[in-house]
Every structure is written in structure tokens, then in C-alpha cells.
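Participant: What follows is a single structure, and I will ask about it in a moment.
Protein chains in written order, with the numbering used here: chain A, 1 to 198; chain B, 199 to 372.
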């Protein structure tokens, strides 16, 4: 059974056991956070195989540096910061266009139909709009894309994003405002409705 | 309080404002229809971007199949060879081998080095002789090619430096 959520107590307990060298305890932490870590990396590098490799590397690095983890802060944000850092290093070292992995719309629709989604047409149009937004995000300049992914996928606080990207909290706000403005213009050019965007 | 600017409103929504400033913005938004609408739009956008960026079914299936919990130990950073250490080990091994072998095979190594040096010199000398021979052969086979260009160059130089007074001048007198 996949672990999706861990209580604060069990997380702290697993961290302490991992620090003592218990690899099975760390494996449990990996299982709990693998979707968030993999997803963050995937949204930054746009290649599943590379994202898997980078996620592996990020978890290994986290295990190596577990002693420096401040237990008073959330483990998830710490792991995601390591993962995002690794993804950015990967992007810097590669600097090449990767094939986008935005497929899977049909599978998503099928799944939603099985689970009782009301209107297949509505699901298709929602899926298409999501794809358009993802495509538009992938076209953002790197600093804006990183901020958007860290905020809207990884759900990191502005302070965490600021620390990771080495800028002030205000600058993170400005970067996100500009990113949303650019997304709106890009989506308008593609003919996608932009009600929610500024 | 006047309507906060877009950045302040955004920072307030993200809980990134100092508490006193956040309280002032919250109080204003409660009484301002324009700011309340902007807050609603920003929250709707938040939801939409979260939904658009979330992993889809196929991606979720992919990450489940990765089994990162059992593969994280085999990170390339751990499994990959450290070339620096390998190079250092090779140098040390070579030095040790030389130390061990030198007393035993010293004279043989010296002879080999001498033979090697003589071979190199002989090779260089032969190459020089052969290249000279090849040049001479080329000249014999096609002397025009080999000689015309240097002769033309000499002629050009001669014309350049030839004393002008020796060249007959046209008389301008009637």
C-alpha cells in the first residue's frame, strides 16, 4: 500500500531513525513524498526519465544531508527545495529542449468517467484547458516557470521560494505577477479564455 | 486605507505580509468591493493553476511504478565511478611498479630507452632524406612547376629594386 500522508509525529520519528542510519525508515519517507518530489522535478525538466533520475538523486542527497535538516520546519518543503535545486542543476547542465510529457489526456478522461464525472464533454474541455495552461507555463522564462511550479505545484510558501531562488519575498511576488501576466497574454494568443488570470 | 496595489494584495493572499500590514489589508478588503473581487479572482486563478499543474492519471501511475523507495540508494552520484580517485590510484600504482621494477630491470630499461632514442633519431633522419628526395623527384618530373615560381619572384624583386637611372628615360625635349 502506498503511503500518501504521514503525521508530524511519525515524520519526526522516521527522520530520527533515518539519521541513525535506518534506511527502511528513510524509504518510508521517500514513499510518502515521491509524488511531490517527482512532480516538481517533472514540471521543471519536462522529461519523465530525467525526472525519475533527478528525483532519485534528490532523495539520495536528502539522506546524505539529513543531519542538517531543521526538524522544526516541514520536511516536505525541505525535500522539495532539494529536488528543485537538483532539477535546476539538471536544466543548467543540459540546456536543451526536452520532449514534453503532456500526454495522458485520454487516460485521465477514462479514469474520471469511471469515477463518475458528470459530463465527458466538460472533462475534455477542462483537460484541454489544463494542457494549454501547462504548455503556456512551459513557455515561460526559466525564473518565472520555476516560481510558478514551486508555488502552484509544489505549494511552497513565498519565503521558501525566495530562499531557494535566492531573492527577496517581494521579488518572488513580482516574478509571479509577471508570470501570470505573461500566461494571460500567451493564452489569449492561443485563443484560450483567461477569466481567472489578471 | 487606500486600495492596496497588486503586489501587496498578492503577498497578503500568500500570507507573506507582516502581521500588522496583513491586518490592515484584510480590514480594507472586507469593506472594498473592488479588492474583494480581485481577491476572488486571484483565488480562482490559484485553484486553476493548481489543477492544471497537478499530476495526471498517467503521470501518477508512472511515479507509482518507479519504486523510488527502493531505488534511491542507487543514485548515480553514489554508484558512479569517481574518476579523480581512479586517476590518483593509477598514478600511485605506476609509481610503485616503477620502484619495484627499476632495480631488477634497470639495465634492461636503460637499453630499451637507448634503443628507443636511437630509433627516434634514425627515423627523423630517414624522414628528412626521403622528403628531400621526394622534392628533387618532383622538380625533375615537372621543373616548370618547381622553378617558375621562384624565378618569377626573383624577377619581381629585381624590377622593384632595379636602379631607376639605368632604365632609359624618354626625352621630353623637342
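Note that the Cβ used here is the ideal one computed from N, Cα and C, for glycine as well.
Output the boundary residues of the alpha helix (DSSP H) element that contains residue 75 (chain A).
Facilitator: Within the first chain, residue 75 (chain A) is the residue found at index 75, counting from 1. Residue 75 (chain A) -> alpha helix (DSSP H) spans 75 to 94.
Participant: So which residues on chain A does residue 248 (chain B) lean against when the C-beta distance must stay under 8 Å?
Facilitator: Indexing the second chain from 1 puts residue 248 (chain B) at position 50. Per Cβ cutoff of 8 Å: 152, 153 and 155.
Participant: Just to confirm my understanding: we take residue 55 (chain A), look at its own chain, exclude 5 residues before and 5 after, and list those with CB closer than 6 Å. What are they?
Facilitator: Residue 55 (chain A) sits at position 55 when you count from the first residue of the first chain. Correct list, in chain order: 37, 38 and 41.
Participant: If we ignore side chains and look at the alpha-carbon of each, how far apart do residue 215 (chain B) and residue 28 (chain A) end up?
Facilitator: Counted from its first residue, the second chain places residue 215 (chain B) at position 17. Counted from its first residue, the first chain places residue 28 (chain A) at position 28. Cα to Cα, residue 215 (chain B) sits roughly 36 Å from residue 28 (chain A).
Participant: Give the residues of chain B in contact with residue 42 (chain A), contact being defined as C-beta atoms less than 8 Å apart.
Facilitator: The count along the first chain starts at 1 and reaches residue 42 (chain A) at position 42. What residue 42 (chain A) touches in chain B: 253 and 257.
Participant: Whole-angstrom Cβ separation of residue 190 (chain A) and residue 128 (chain A), contact assumed at under 8 Å?
Facilitator: Taking the first residue of the first chain as position 1, residue 190 (chain A) is located at position 190. Taking the first residue of the first chain as position 1, residue 128 (chain A) is located at position 128. Between residue 128 (chain A) and residue 190 (chain A) the Cβ distance is about 11 Å, and since that is not below 8 Å, they are no contact.
Participant: Verify the CB distance criterion: does residue 50 (chain A) have a CB-CB separation below 7 Å to chain B?
Facilitator: Reading the first chain from its first residue, position 50 is the one you call residue 50 (chain A). It does not: the Cβ of residue 50 (chain A) has no partner Cβ on chain B nearer than 7 Å.
Participant: Just how far apart, CA to CA, sit residue 208 (chain B) and residue 173 (chain A)?
Facilitator: Within the second chain, numbered from 1, the residue matching residue 208 (chain B) stands at position 10. Within the first chain, numbered from 1, the residue matching residue 173 (chain A) stands at position 173. Each residue's Cα considered, the two are about 7 Å apart.
Participant: Between B:227, B:233, B:244 and B:238, which has its C-alpha nearest residue 176 (chain A)'s C-alpha?
Facilitator: Along the first chain, one-based indexing puts residue 176 (chain A) at 176. The residue with the shortest Cα to Cα distance from residue 176 (chain A) is B:244.
Participant: Is the beta carbon of residue 179 (chain A) sitting closer than 7 Å to the one on residue 140 (chain A)?
Facilitator: Your numbering for residue 179 (chain A) matches position 179 in the first chain. Your numbering for residue 140 (chain A) matches position 140 in the first chain. Taking 7 Å as the Cβ cut-off, residue 179 (chain A) and residue 140 (chain A) qualify as a contacting pair.
Participant: CA-CA distance, residue 312 (chain B) and residue 302 (chain B)?
Facilitator: In the second chain, the residue the question calls residue 312 (chain B) occupies position 114. In the second chain, the residue the question calls residue 302 (chain B) occupies position 104. Their backbone Cα atoms lie some 18 Å apart in a straight line.
Participant: Find the residues of chain B that neighbour residue 34 (chain A), judging by a C-beta separation of less than 8 Å, and give them in chain order.
Facilitator: Taking the first chain and counting its residues from 1, the one referred to as residue 34 (chain A) is at position 34. What residue 34 (chain A) touches in chain B: 261, 264, 266 and 267.
Participant: Check whether the Cβ of residue 54 (chain A) lies closer than 7 Å to any Cβ atom in chain B.
Facilitator: Working through the first chain from its first residue, we reach residue 54 (chain A) at position 54. No, no contact with chain B.
Participant: Excluding the 5 residues preceding and the 5 following residue 91 (chain A) in the sequence, name in chain order all residues of the same chain whose CB lies nearer than 8 Å to its CB.
Facilitator: Along the first chain, one-based indexing puts residue 91 (chain A) at 91. If we look at residue 91 (chain A) and ignore the five residues flanking it on each side, its Cβ neighbours are 44, 45 and 142.
Participant: Would you tell me roughly how many angstroms separate the C-alpha atoms of residue 161 (chain A) and residue 188 (chain A), rounded to the nearest one?
Facilitator: The sequence position of residue 161 (chain A) within the first chain is 161, counting from 1. The sequence position of residue 188 (chain A) within the first chain is 188, counting from 1. The alpha-carbon atoms of residue 161 (chain A) and residue 188 (chain A) are separated by roughly 28 Å.
Participant: Please compile the residues from chain B whose C-beta is within a distance smaller than 9 Å of the C-beta of residue 66 (chain A).
Facilitator: Translated into the one-based positions of the first chain, residue 66 (chain A) becomes position 66. Those within 9 Å of residue 66 (chain A) in chain B number zero; the least Cβ separation is about 12 Å.
Participant: Which stretch, first to last residue, makes up the alpha helix (DSSP H) that contains residue 301 (chain B)?
Facilitator: Start at 1 with the first residue of the second chain, and residue 301 (chain B) comes out as number 103. Segment 281 to 339, the alpha helix (DSSP H) holding residue 301 (chain B).
Participant: Within the 7 Å Cβ cut-off, does residue 130 (chain A) reach chain B?
Facilitator: Along the first chain, one-based indexing puts residue 130 (chain A) at 130. Yes, contact with chain B.
Participant: Could you name the residues of the same chain whose beta carbon sits closer than 6 Å to that of residue 202 (chain B), not counting the 5 residues immediately before and after it, in chain order?
Facilitator: For the purposes of this step, residue 202 (chain B) is identified with residue 4 of the second chain, where counting begins at 1. Cβ within range, chain order: 223.
Participant: Output yes if chain A places a C-beta closer than 7 Å to the C-beta of residue 270 (chain B); else output no.
Facilitator: Stepping through the second chain from its first residue, residue 270 (chain B) is reached at position 72. Cβ-Cβ to chain A under 7 Å: yes for residue 270 (chain B).
Participant: Among A:168, A:155 and A:166, whose alpha-carbon lies nearest the alpha-carbon of residue 79 (chain A)?
Facilitator: In the first chain, the residue the question calls residue 79 (chain A) occupies position 79. Here the closest residue by C-alpha is A:155.
Participant: Residue 267 (chain B) to residue 25 (chain A), Cα distance in whole Å?
Facilitator: Here the question's residue 267 (chain B) lines up with position 69 in the second chain. Here the question's residue 25 (chain A) lines up with position 25 in the first chain. In a straight line, the C-alpha of residue 267 (chain B) is about 10 Å away from that of residue 25 (chain A).
Participant: In chain order, what residues of the same chain have a beta carbon less than 8 Å from the beta carbon of residue 281 (chain B), not counting five sequence neighbours either side?
Facilitator: Along the second chain, one-based indexing puts residue 281 (chain B) at 83. Answer for residue 281 (chain B): no residue qualifies.
Participant: Within 10 angstroms of its Cβ, does residue 146 (chain A) collect 16 or more other Cβ (buried), or is it exposed?
Facilitator: As a position in the first chain, residue 146 (chain A) is number 146, starting the count at 1. Burial call: buried.
Participant: Going along chain A in order, which residues have a C-beta closer than 8 Å to the C-beta of residue 208 (chain B)?
Facilitator: As a first step, residue 208 (chain B) is located in the second chain; it is residue number 10 there, counting from the start. Within chain A, the residues near residue 208 (chain B) are 173, 176 and 177.
Participant: Flag this pair as yes or no: are the beta carbons of residue 270 (chain B) and residue 60 (chain A) separated by less than 7 Å?
Facilitator: Working through the second chain from its first residue, we reach residue 270 (chain B) at position 72. Working through the first chain from its first residue, we reach residue 60 (chain A) at position 60. Result yes, Cβ atoms of residue 270 (chain B) and residue 60 (chain A) sit closer than 7 Å.
Participant: What do you reckon, are the CB atoms on residue 247 (chain B) and residue 152 (chain A) nearer than 7 Å?
Facilitator: Here residue 247 (chain B) refers to the residue found at position 49 when the second chain is read from its first residue. Here residue 152 (chain A) refers to the residue found at position 152 when the first chain is read from its first residue. Contact: yes.
Participant: Assuming residue 130 (chain A) and residue 249 (chain B) are in contact, meaning their beta carbons sit under 8 Å apart, how far apart are those beta carbons, in whole angstroms?
Facilitator: Residue 130 (chain A) sits at position 130 when you count from the first residue of the first chain. Residue 249 (chain B) sits at position 51 when you count from the first residue of the second chain. About 6 Å separates the two Cβ atoms, so the contact holds.
Participant: Quick check on residue 210 (chain B): does DSSP put it in helix, strand or coil?
Facilitator: As a position in the second chain, residue 210 (chain B) is number 12, starting the count at 1. Three-state DSSP puts residue 210 (chain B) in a helix.
Participant: Run through the stretch 203 to 267 of chain B for me and flag every whole alpha helix (DSSP H) of 4 or more residues, listed as ranges in chain order.
Facilitator: Whole alpha helix (DSSP H) segments, 4+ residues: 204 to 211, 217 to 229, 231 to 251 and 255 to 264.
Participant: By the three-class DSSP mapping on this structure, what secondary structure does residue 140 (chain A) have?
Facilitator: By one-based count along the first chain, residue 140 (chain A) stands at place 140. The answer is coil: DSSP assigns residue 140 (chain A) none of H, G, I, E or B.
Participant: Distance, Cα to Cα, residue 166 (chain A) vs residue 52 (chain A)?
Facilitator: Taking the first chain and counting its residues from 1, the one referred to as residue 166 (chain A) is at position 166. Taking the first chain and counting its residues from 1, the one referred to as residue 52 (chain A) is at position 52. Approximately 26 Å between the Cα atoms of the pair.
Participant: For residue 168 (chain A), is the classification buried or exposed, using 16 other Cβ atoms within 10 angstroms of its Cβ as the cut-off for buried?
Facilitator: Looking up residue 168 (chain A) in the first chain gives position 168. Flag for residue 168 (chain A) reads exposed.
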